[in-house]
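Residue numbers (the working numbering): 902 to 1095.
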């Protein structure tokens, strides 16, 4: 008999919390079932296995991150919107280490579900760049640059890989300033070419 009130969303939320508590690689179906006070086979009423669970945690994370990022960019334009979105992503990734680990596998699970989980975010970034006069083609490269920086920086922070005592948040802001200046230069260059 299924546990009353338990649905797929509750299973994913609990799995995401476990990923944050123990690390994504330490989440097992048995541990998840135990934390939900159900028997392991009962999980298969909601997910097909560990691989699907990780995919669902990835989607859960991107949906949450997208909401936070879009909220941070509300009422902002141009570079302030980009800066706000970057800060919001970094904040989410560093506050949700286990979920963020799953989010890194976005392209492994590329399908309609993953595209839907980030469509609003990418639409907003493309729109901001378009308003700055940046072509779609150049925007794709700049988005890849921002993603590489944000995910890489968060990954290093989450794993305690920065050994120097310099303030991490200040390093983030300095790096973000450099990226923003690069985007400004790209926008200026595109305007000259038109």
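Every residue, glycine too, gets a C-beta built ideally from N, C-alpha and C.
| Query | Result |
| --- | --- |
| Beta-carbon spacing of residue 985, residue 974 below 8 Å | yes |
| Length-filtered (3 minimum) beta strand (DSSP E) runs lying within the segment 953-1012 | none |
| Cβ shell of residue 931 (< 6 Å), same chain only, five flanking positions each side left out | 941 |
| Rounded separation between residue 996 and residue 1022 - CA only | 19 Å |
| Proximity of residue 1044 and residue 1091 at Cβ, strictly below 8 Å | no |
| Limits of the alpha helix (DSSP H) - the one that residue 1048 falls within | 1037-1059 |
| Check: residue 966 C-beta below 7 Å from any heavy atom of the ligand NAP | Because no ligand of any kind appears in the structure shown, any question about the ligand NAP cannot be addressed here. |
| Straight-line Cα distance separating residue 1075 from residue 1000 | 26 Å |
| Close Cβ partners of residue 912 (< 6 Å) along its chain, the five nearest in sequence each way excluded | 947 |
| Minimum C-alpha distance to residue 1018 - residue among 959, 1054, 1030 and 1005 | 959 |
| Coarse secondary structure for residue 948, derived from DSSP in three states | coil |
| Rounded separation between residue 1029 and residue 965 - CA only | 21 Å |
| DSSP state of residue 935 mapped onto helix, strand, coil | helix |
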